[in-house]
Amino acid sequence: MHAMVLEEVGKPLVLTELPRLQPQPGQVQVKILACGVCRTDLHVVDGELPNPKLPLVPGHEVVGQIESVGSPDISLQNGQMVGIPWLAWTCGACEYCRAGLENLCEQARFHGYTVDGGYAEYMVADARYCFPLPDIYANPEGAPLLCAGLIGFRALRFAEGSRRLGLYGFGAAAHLLIQVARYQGMEVYAFTRPGDSEAQNLAIKLGAVWVGGSDILPPQPLDAAILFAPVGALIPVALRAVKKGGMVISAGIHMSDIPAFPYSLLWEERQVRSIANLTRKDAEDYFPLARRVPVQSHITTYPLAKANVALADLRRGAIHGAAALVMGAWQERET
Numbered sequence: 001m002h003a004m005v006l007e008e009v010g011k012p013l014v015l016t017e018l019p020r021l022q023p024q025p026g027q028v029q030v031k032i033l034a035c036g037v038c039r040t041d042l043h044v045v046d047g048e049l050p051n052p053k054l055p056l057v058p059g060h061e062v063v064g065q066i067e068s069v070g071s072p073d074i075s076l077q078n079g080q081m082v083g084i085p086w087l088a089w090t091c092g093a094c095e096y097c098r099a100g101l102e103n104l105c106e107q108a109r110f111h112g113y114t115v116d117g118g119y120a121e122y123m124v125a126d127a128r129y130c131f132p133l134p135d136i137y138a139n140p141e142g143a144p145l146l147c148a149g150l151i152g153f154r155a156l157r158f159a160e161g162s163r164r165l166g167l168y169g170f171g172a173a174a175h176l177l178i179q180v181a182r183y184q185g186m187e188v189y190a191f192t193r194p195g196d197s198e199a200q201n202l203a204i205k206l207g208a209v210w211v212g213g214s215d216i217l218p219p220q221p222l223d224a225a226i227l228f229a230p231v232g233a234l235i236p237v238a239l240r241a242v243k244k245g246g247m248v249i250s251a252g253i254h255m256s257d258i259p260a261f262p263y264s265l266l267w268e269e270r271q272v273r274s275i276a277n278l279t280r281k282d283a284e285d286y287f288p289l290a291r292r293v294p295v296q297s298h299i300t301t302y303p304l305a306k307a308n309v310a311l312a313d314l315r316r317g318a319i320h321g322a323a324a325l326v327m328g329a330w331q332e333r334e335t
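Per UniProt numbering, the sequence shown starts with residue 1, numbered consecutively.
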């Protein structure tokens, strides 16, 4: 099979021919149709997340079709369409797993970071961490929902009950989350890089009641703000934008350092919290809701061999919505 491989942190991926792995007991082999290109992939490739497996096949927003199963006790079947997210394995025994917080598992493994992921034509994965996909998402447009959609949904749960919601950084996650928030009756205020008219136009198209640069305050105090931009300096900015008792939620896996800020911004029972990874229950709850909305992704597609181009476009802010690598298997289906 062909795969794009990270051989050295900070260097471009290399198109490589690798042996196709066979599934072990409890695993499935998946023919990959598409894999989303996530900002977390950038953090891995650029060395902002420590100690990745090397060499590594990145990617954790996988849409694919099961080719074979490794043991008869697996409920998934050959030919079934599945999604494969960031979370690849948890121990099930640590205090976090026992408390229903497997996203914080001490020994967790992650696709495209500590185990190989989806920038390839095939992959193997633990069947327990693969999700049957509704037909509406069994395509490249469904790929961003496997991380951008799920992490936004997990963040939104902590903003439950908000009427005015701010989204800082209007990219893959925010353009999916705004659809759920609007469905739930929230007013959404979208913050972009100053002057990013394309992102602002997309936010308006998707129902934002106000758009503006992240350097200005909204016209109304927010009940909550969710940060997708990996910019620590936005934490005090967002605190200024939320009302008394409001919450600022950081939904990224990596963020630049947060600068010192006066206590007065946090006072009056404002809160700052982070979101880490996701759980299988998040996916089980999210996809039925996404189908009801229905959540639709706006994607730019690239062939597998152009993964470095996709990452470069994402790095320089040239992608509005989300990006996905599309494999030959999908192109064959379409023809």
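Glycine residues also receive a C-beta, built at the ideal position from the N, C-alpha and C atoms.
Those residues which DSSP pairs with residue i across a bridge
i: residue 132; result: 82
i: residue 16; result: 3
i: residue 190; result: 167, 211
i: residue 233; result: Paired residues: none, contrary to the question.
i: residue 224; result: 165, 247
Chain-order list of residues whose beta-carbon lies under 7 Å from that of residue i (same chain, five-residue window excluded)
i: residue 293; result: 179, 180, 183
i: residue 42; result: 311, 314, 315
i: residue 47; result: 9, 10
i: residue 15; result: 2, 4, 305
i: residue 27; result: 70, 124, 125, 126, 127
i: residue 282; result: 150, 153, 154
6 Å CB neighbourhood of residue i in its chain, flanking five on each side removed
i: residue 138; result: 81
i: residue 170; result: 190, 192, 199, 203
i: residue 155; result: 226, 249, 251, 275
i: residue 259; result: 233
i: residue 20; result: 1, 122
i: residue 196; result: none
i: residue 108; result: 90
i: residue 338; result: Beyond the ends of the chain as shown, which are 1 and 335, falls residue 338; an answer cannot be given.
i: residue 110; result: 86, 88
i: residue 29; result: 23, 67, 68, 124
CB contact flag (residue i, residue j, <7 Å)
i: residue 25; j: residue 59; result: no
i: residue 133; j: residue 278; result: no
i: residue 168; j: residue 214; result: yes
i: residue 307; j: residue 49; result: no
i: residue 79; j: residue 31; result: no
i: residue 76; j: residue 127; result: yes
i: residue 7; j: residue 35; result: no
i: residue 90; j: residue 102; result: yes
i: residue 1; j: residue 122; result: yes
i: residue 187; j: residue 211; result: no
i: residue 207; j: residue 177; result: no
i: residue 297; j: residue 322; result: yes
i: residue 83; j: residue 146; result: yes
i: residue 173; j: residue 228; result: yes
Among the options, nearest to residue i - alpha-carbon criterion
i: residue 317; options: 65, 88, 300, 325; result: 300
i: residue 5; options: 108, 117, 210; result: 117
i: residue 271; options: 280, 296, 223; result: 223
i: residue 115; options: 44, 185, 101, 289; result: 44
i: residue 230; options: 282, 303, 38; result: 38
i: residue 164; options: 238, 141, 104; result: 238
i: residue 241; options: 291, 218, 55; result: 218
is_contact[residue i, chain D] using C-beta, thresh 7 Å
i: residue 56; result: Of the chains in the structure shown, none is chain D; there is only one protein chain.
Spatial neighbours of residue i in its chain, beta-carbon cut-off 8 Å, leaving aside the 5 residues before and after
i: residue 243; result: 221, 222, 223
Beta strand (DSSP E) runs contained entirely in the UniProt domain "Alcohol dehydrogenase-like N-terminal" (24–135), provided each spans 3 or more residues
27–37, 62–69, 81–84, 87–89, 122–126
Curious, which full-length alpha helix (DSSP H) runs of at least 4 residues does the stretch 243–328 contain?
280–292, 307–315
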